[in-house]
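The sequence shown runs contiguously to residue 243 in this note's numbering. From the three backbone atoms N, C-alpha and C, an ideal C-beta is built for every residue, glycine too.
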Amino acid sequence: MISVSLLTKLIHRSDGDFFVSSKISPTGFGEGVTLYKCENGDLTEVDKIDDAMVTGDYDSEKDITVAEISADKIRVVRCQKVICSLQFYNYFSYGSTGFSASDKLYDIEMTFSGNMVLKKLVSFCDESGKVIKKLEAGQALVPSKGNYPFEDLDNIKLSGNTMEFSLENGETVGFITYELKKGEYMFDAYIDGVNADDIFEVNELGDI
């Protein structure tokens, strides 16, 4: 499958010249954001964020997409199915040693307009792991923050993959932790040993 290069930018800084290249597959998924150091006309790869692409704003007058790449940081999005199809957003600073995430927890949005409704009682914790709230079946929620699955979990306070949820009015209710297990076609999320499909009902109201 051929990759199409999108949203590239050359950055001149006091510590050197850098080139950021974001690639997207023909199916619309990010294949990676690569950082290069420019020296004497040559490009040397420094680092790469896998399964990601740089976000950008579309300029309808010029018919171009302006990448969110500044002299000190970039904003990327990574897509992954965890309970449902989600987008994980984060800022990354960059330099001669590579990329560095601004926050270990990404902002999370569903890829569609909708919510997740609890099928059973679920406990939510703070970052120390202390239970701070229990919600009954029928409560509608949306994910708001979490680590990116398959990424190094060092320096994340909660043990394992974690996701923060909010009520639809924006009120934060707390975190759940989960593990991913290889299913027949993809990874399935399990919360306290229970498949997330048995805990959440996903309501898709339409594309964003």
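Quick one: grab the DSSP three-state call for residue i.
i: Ala-231; result: helix
i: Leu-156; result: coil
i: Pro-178; result: strand
i: Ser-148; result: strand
i: Glu-236; result: strand
i: Asn-204; result: coil
i: Ala-102; result: strand
i: Lys-139; result: coil
i: Ser-120; result: strand
i: Glu-66; result: strand
i: Met-88; result: strand
i: Ser-38; result: With a pLDDT of 44 at Ser-38, under the threshold of 50, the predicted position of this residue should be treated as unreliable, and no value is reported.
i: Met-221; result: coil
i: Asn-75; result: coil
i: Asp-52; result: strand
i: Leu-193; result: In this prediction, Leu-193 scores a pLDDT of 47, lower than 50, which makes its location untrustworthy; the coordinate-derived value is nonetheless stated afterwards. Here Leu-193 sits in coil by DSSP.
i: Ser-163; result: coil
i: Ser-60; result: coil
Compare the Cα-Cα distances from residue i to each of the options and report the closest residue.
i: Asn-196; options: Glu-74, Leu-215, Leu-240; result: Leu-215
i: Gly-76; options: Phe-53, Gly-130, Asp-82; result: Phe-53
i: Gly-149; options: Ser-49, Ile-46, Asn-238, Ser-57; result: Asn-238
i: Thr-100; options: Thr-90, Ile-109, Asp-107; result: Thr-90
i: Leu-170; options: Met-151, Ile-46, Tyr-225, Ser-56; result: Met-151
i: Lys-116; options: Tyr-183, Glu-162, Glu-66, Leu-156; result: Tyr-183
i: Asp-86; options: Gly-63, Asp-50, Asp-232, Ile-46; result: Gly-63
i: Lys-44; options: Glu-103, Lys-97, Asp-92, Asp-233; result: Glu-103
i: Leu-140; options: Asn-125, Phe-235, Cys-119; result: Asn-125
i: Leu-121; options: Lys-58, Asp-142, Ala-106; result: Asp-142
i: Gly-164; options: Phe-235, Tyr-213, Glu-206, Lys-58; result: Tyr-213
i: Gly-51; options: Val-81, Glu-219, Ala-224, Glu-144; result: Val-81
i: Lys-155; options: Glu-74, Pro-61, Asp-233, Ser-60; result: Asp-233
i: Pro-178; options: Glu-96, Thr-207, His-47; result: Thr-207
i: Thr-69; options: Lys-217, Ser-95, Asp-223, Val-111; result: Val-111
i: Ile-84; options: Ala-106, Gly-133, Ile-46; result: Gly-133
i: Thr-146; options: Leu-153, Leu-240, Ser-95; result: Leu-240
Using the beta-carbon count (16 or more within 10 Å), is residue i buried or exposed?
i: Leu-176; result: buried
i: Ile-167; result: exposed
i: Ile-243; result: Residue confidence is low: Ile-243 scores 42 on pLDDT, short of 50, so the model does not pin down where it sits. Its coordinate-derived value is still stated next. Exposed, since its Cβ has fewer than 16 Cβ neighbours within 10 Å.
i: Arg-113; result: buried
i: Met-221; result: exposed
i: Leu-193; result: Here the model assigns Leu-193 a pLDDT of 47, short of 50, so the residue's position is not dependable, and the following value carries that caveat. By the 10 Å Cβ count, Leu-193 comes out buried.
i: Lys-180; result: buried
i: Tyr-71; result: buried
i: Ala-246; result: Residue 246 cannot be examined here, being either before or after the span of the chain that is shown, 36 to 243.
i: Glu-66; result: buried
i: Ala-172; result: exposed
Rounded to the nearest angstrom, how far is the Cβ of residue i from that of residue j, given a contact under 8 Å?
i: Glu-199; j: Phe-210; result: 5 Å
i: Ser-137; j: Ser-128; result: 7 Å
i: Leu-42; j: Ser-57; result: 4 Å
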